[in-house]
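Residue numbers (the working numbering), protein chains in the order written: chain A, 6 to 322; chain B, 215 to 815; chain C, 25 to 360.
Notes follow the structure.
Listed below in structure tokens is the structure:
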């Protein structure tokens with residue numbers, strides 16, 4: 006039991022350090038520490054490098070790549086990889102590499118924002134439900150409700166209600182982007198919420214939280230400084246998984262006509278379209294599939310690194 | 215505490231396994247619930263010795279990736295249900311793959327020459343063959359009369375009731391003769407009781423199932439008693455239908471049907487069905503294989519199965535909205551309003567002609583259909599006679615299209631690459647249902663139109679919404695809240711009359727009829743309406759064909775419709791299956807299943 | 025604890041009523057029409073008549089009340105009758121009728137249960153059997169080759185969708201190797217050794233694909249939970265007491281780490297009944313997932329309502345179970 010006391014003190018020290026009251030000697034901010042620790046994590050650094058390359062490839066790559074992703078060339082359709090077309094061409098002769106590069110833009114943007122939104126809602130609901138007993142029943146019943154709703158009709162209703170007004174306000178592209186992110190976000194937070202709530206229920210009974218409460222720390226600070234860092238590891242796992250799910254869900258949405266127009270390439274869409282050609286042109290499937298996996302793996306390692314870096318017990322001096 | 219958690223997990227595992235196994239074994243005993251229909255009578259177990267090869271051919275597996283939900287074509291009238299019921303219950307007459315009407319339960323096709331059809335065409339008398347139902351009782355004219363009553367009782371909710379429209383009475387003259395009387399002269403009297411859409415059901419079985427009681431008769435709806443070569447042994451809705459051969463079938467003496475058991479298996483998609491038949495040999499037939507032609511060719515190259523295509527009258531077309539779909543119009547969007555709401559530029563036939571000229575139909579076919587389609591310029595592409603007056607559309611002419619637009623004064627005045635016509639930008643929203651082939655065709659057409667200076671925004675809508683017809687949805691093909699839309703439609707009958715009747719002004723979808731009409735593009739021509747009413751009274755076949763061509767040309771030349779591809783039904787057979795003949799697109803693809811045989815090796 | 029459970033059960037009733045009302049509202053608003061699957065040649069008047077006979081034009085609230093009565097009175101009574109063989113009342117009662125098949129919806133659901141439970145249940149169990157050891161070893165040997173390989177494989181397993189791994193499995197195991205059938209025969213019954221072998225063969229691919237997918241996520245959560253506990257002070261205390269490493273990990277760390285994992289597993293149980301839409305589609309299993317998706321596509325609302333409601337009941341029930349497990353296993357949590 007004494008051990009947990011120590012831990013509470015340790016954390017109080019940390020947070021005080023961040024707050025700037027106990028600044029002694031050289032200045033070392035919390036985030037500076039985190040970054041130092043993060044850099045020591047080889048997997049996380051590798052992940053960061055890979056994600057950076059992928060993001061650059063998607064946003065800058067098309068500028069230097071000679072083919073236009075929308076150029077149709079039927080006589081040269083269904084080609085395998087050649088020097089001219091590094092990843093081959095699709096059923097109507099469009100260059101696949103150009104489409105994969107450009108496709109990353111929407112996939113990455115949707116993947117990250119939607120996962121972030123889902124994680125944000127999920128963590129928020131989970132912490133509130135776990136921490137405030139009065140909110141628990143209500144929020145958990147809300148979670149049940151969202152889990153129980155039939156997703157496809159719900160999507161159709163959302164589209165019906167919001168597509169035209171969003172299109173008008175933000176234009177076709179941004180409007181659909183917001184809609185897609187919103188849809189994925191609000192249909193993917195429930196799992197995170199329930200896991201986080203479970204963790205919070207356990208943590209809030211631990212002595213360091215009770216100690217913080219007894220010295221009169223404000224609840225908001227308890228949540229931000231004691232509860233949140235301790236639920237970070239499941240949240241990080243959810244975030245990494247969430248990015249992959251969001252990229253795939255986006256392709257599903259555009260497939261059933263609820264997402265971006267069909268001629269807009271995205272990784273999920275490219276993968277989906279290529280699956281029937283698995284035997285004829287395996288590389289068509291491999292490329293978008295590999296990029297989605299690579300992104301998810303990298304995010305996962307970054308998550309690992311962040312988790313370790315934020316865990317005060319692992320952070321040495 | 216470890217023990218407790220372990221116990222919990224172990225318990226959960228055991229419970230799951232027990233549940234899975236328990237449910238499975240209970241499946242072997244017939245349940246009392248209506249879910250699994252067991253047919254009345256014991257035909258399956260007590261097969262009389264028919265003294266021939268009938269039923270000796272073992273099992274045949276038919277894949278219908280869209281699985282049948284019932285075996286009653288009058289309650290669930292999708293093609294998948296029509297097919298599943300067509301091997302059990304039969305009509306009086308049926309169509310061959312060539313579109314020729316031949317007798318099935320009838321002794322012959324009634325005509326004026328043989329006296330079956332009254333000279334004034336107000337009544338028709340069918341004579342039945344001597345036939346017995348699978349339960350051994352004879353088929354009589356009363357069954358035919360009952361079928362009519364069943365489907366025309368409004369509370370039944372019959373999906374085929376339009377086939378019985380215009381009939382005042384159906385009477386049994388004697389046990390083998392049934393007389394149908396029409397409201398007036400009917401040049402084409404062969405809609406009722408013809409083709410797999412309108413088979414004869416047994417009065418004794420369905421007597422209690424008429425009207426509001428129809429839906430409650432699960433056993434009858436899942437296992438109708440029929441005169442066809444097979445009887446339902448087990449039916450699982452939306453999954454599997456298992457049939458045994460009918461020991462009372464009239465062809466038994468000739469060794470028909472060859473197969474003793476038929477399994478219709480549903481689920482998955484067209485790609486998976488094609489693989490099962492053409493590459494793996496797990497099934498003998500795969501229905502409706504709308505698969506990328508490159509993929510299909512590759513599978514067929516395995517050499518154990520063959521792809522068949524059968525043409526009826528289905529045409530993939532662009533519908534050109536003749537009314538203004540501008541969202542700013544609110545409730546008046548895409549509403550004809552007596553011609554006061556015309557489309558800003560698509561009502562000009564030459565602009566639409568330019569759009570049509572820019573399309574390379576052959577390329578669309580090569581990319582999406584190959585043997586499953588042929589370029590066409592006509593709404594009515596089928597026999598007996600097609601128009602040749604519009605065939606210049608078969609050759610793509612981008613430069614000609616540009617010149618035509620220039621001549622119409624549709625030129626790019628502000629230099630943004632998009633033409634303007636009378637102040638309106640030539641910018642179109644082009645929608646269709648979600649389907650890989652349609653989307654690749656959309657991409658191609660968009661590229662061609664942008665080349666001639668017409669801006670194109672694509673939209674694809676889930677098929678269940680697009681064809682769903684929910685008046686509350688803005689995305690249905692009837693609402694047509696877009697400038698152009700693409701889909702396939704065709705005639706339900708060999709006779710074009712009902713189909714050509716879709717484009718009279720009374721058929722326009724409006725808020726008043728809940729957007730229910732079939733004149734989707736809002737085509738309005740008094741001349742067309744007059745010509746169509748001529749067709750409804752003309753009985754000379756050659757003149758009917760001539761009128762059909764004129765109506766077809768009017769539609770195409772009005773610029774309200776751009777036909778592109780004459781589409782076939784595409785299915786595949788295992789090479790072991792013999793005697794199936796051509797693929798029948800006018801009637802059930804199983805129309806001659808009693809003749810199919812298997813040759814191994 | 026007992027009182028807490030009873031209170032939660034009572035609380036579940038209004039929750040479920042609200043859920044059913046929300047489901048109804050969504051379906052009411054959703055675009056789609058049961059006549060949409062008919063050929064285009066069926067004219068509008070006929071469609072309107074069909075809608076009328078289906079009761080599609082009835083007022084929203086009335087049809088909800090009617091469905092509630094069927095769901096809570098007719099169907100349970102019918103279930104009791106068919107199980108016990110007794111007849112209650114005159115036996116004439118309106119059951120929930122599917123618009124697509126015109127057959128009783130609940131019978132179809134019961135018909136679909138065996139294959140759904142076989143495939144998803146086994147996929148779930150194998151997923152757990154794989155995930156927990158992998159997660160434990162990964163955490164214990166953090167950043168070892170095993171751990172990194174485990175991370176990469178499970179992330180690939182999770183991020184590559186089943187619509188890709190399914191066809192891939194079919195090409196490898198059905199086309200190239202010819203080991204397994206590519207579609208699932210729901211009419212197959214296990215009666216002897218060879219039919220059991222066939223059943224195993226047709227289960228192999230879908231179960232494998234689902235197990236990998238389930239194991240991927242679960243092993244990540246197990247690992248992170250183990251890592252959290254491995255760094256706890258009680259582990260240090262246990263080690264310093266001189267306990268063997270095996271005993272420390274298996275007795276103390278694993279026990280505590282499995283608490284959130286067990287909850288997670290309990291929360292995923294309803295998913296077994298919900299079906300796996302894509303897996304069922306690819307291997308043509310025609311379980312509850314396929315039933316739901318085809319009911320949605322065909323706007324067969326009585327079926328959708330019944331399925332989603334049963335699913336909601338399971339979710340609420342297992343949410344309660346998860347909370348109770350948590351309360352039993354973790355002394356730090358108290359429900360008052």
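We treat Cβ as the ideally placed atom computed from N, Cα and C, and that holds for glycine.
As the structure is a prediction and not an experimental result, all values here were calculated from the model.
Coarse secondary structure for residue i, derived from DSSP in three states
i	result
residue 123(C)	coil
residue 322(C)	coil
residue 800(B)	coil
residue 224(A)	helix
residue 527(B)	strand
residue 12(A)	Bear in mind that a pLDDT of 41 at residue 12(A), under 50, signals an unreliable position, so the number given afterwards is only what the model happens to contain. Reduced to three states, the DSSP call for residue 12(A) is helix.
residue 319(B)	coil
residue 408(B)	strand
residue 34(C)	helix
residue 514(B)	helix
residue 340(B)	strand
7 Å Cβ shell around residue i - same chain, five flanking residues per side excluded
i	result
residue 549(B)	537, 555, 724, 725
residue 568(B)	615, 618, 619, 666
Extent of the continuous beta strand (DSSP E) to which residue i belongs
i	result
residue 457(B)	454 to 459
residue 385(B)	381 to 388
residue 396(B)	391 to 396
residue 780(B)	775 to 788
residue 128(A)	Element bounds for residue 128(A): not the beta strand (DSSP E) but the alpha helix (DSSP H), 101 to 136.
residue 700(B)	698 to 703
residue 307(B)	307 to 309
Sheet register partners of residue i (DSSP bridge)
i	result
residue 128(C)	121(C)
residue 262(C)	Answer is none; residue 262(C) lacks a bridge partner.
residue 479(B)	277(B), 454(B)
residue 335(B)	Answer is none; residue 335(B) lacks a bridge partner.
residue 791(B)	812(B)
residue 94(A)	100(A)
residue 201(B)	Chain B is shown only over 215 to 815; residue 201(B) falls outside these bounds and no answer can be derived.
residue 533(B)	699(B), 775(B)
Beta-carbon proximity list for residue i, same chain, < 8 Å, skipping 5 on both sides
i	result
residue 671(B)	641, 642, 643, 644
residue 498(B)	274, 275, 276, 491, 787, 788, 790, 791, 812
residue 212(B)	Nothing can be reported for residue 212(B): it is not among the residues displayed for chain B, which extend from 215 to 815.
Range of the contiguous alpha helix (DSSP H) that encloses residue i
i	result
residue 467(B)	From DSSP, residue 467(B) is part of no alpha helix (DSSP H); its letter is neither H nor E.
residue 742(B)	740 to 751
residue 218(C)	217 to 254
residue 292(C)	278 to 298
residue 206(C)	First-last for residue 206(C): undefined, no H or E at that position.
9 Å Cβ cut-off: residues of chain E touching residue i
i	result
residue 101(A)	Among the chains of the structure shown, chain E does not appear; the protein chains present are A, B and C.
Close beta carbons around residue i, own chain, < 6 Å, minus the five adjacent residues each side
i	result
residue 242(B)	Since pLDDT at residue 242(B) reaches only 35, below the 50 mark, its modelled position is unreliable, and the value read off the structure follows with that caveat. Answer for residue 242(B): no residue qualifies.
residue 59(C)	71, 74
residue 187(C)	302
residue 809(B)	793
Proximity test, residue i beta-carbon vs the ligand SAM heavy atom, cut-off 8 Å
i	result
residue 416(B)	The ligand SAM is not part of the structure shown, which contains no ligands of any sort.
Problem set entry | Residue ranges of each alpha helix (DSSP H) within the region 39 to 92 of chain A, 4 or longer | 47 to 64, 66 to 69
* **Sequence ranges, beta strand (DSSP E) only - wholly within the region 590 to 678 of chain B, length at least 3** => 641 to 647, 669 to 675
Could I get the ranges of all uninterrupted alpha helix (DSSP H) runs contained in the region 251 to 282 of chain A, with 4 residues as the minimum, in chain order?
272 to 279
Unbroken alpha helix (DSSP H) runs of length 4 or more, entirely within the region 145 to 201 of chain A: which are they? 156 to 191
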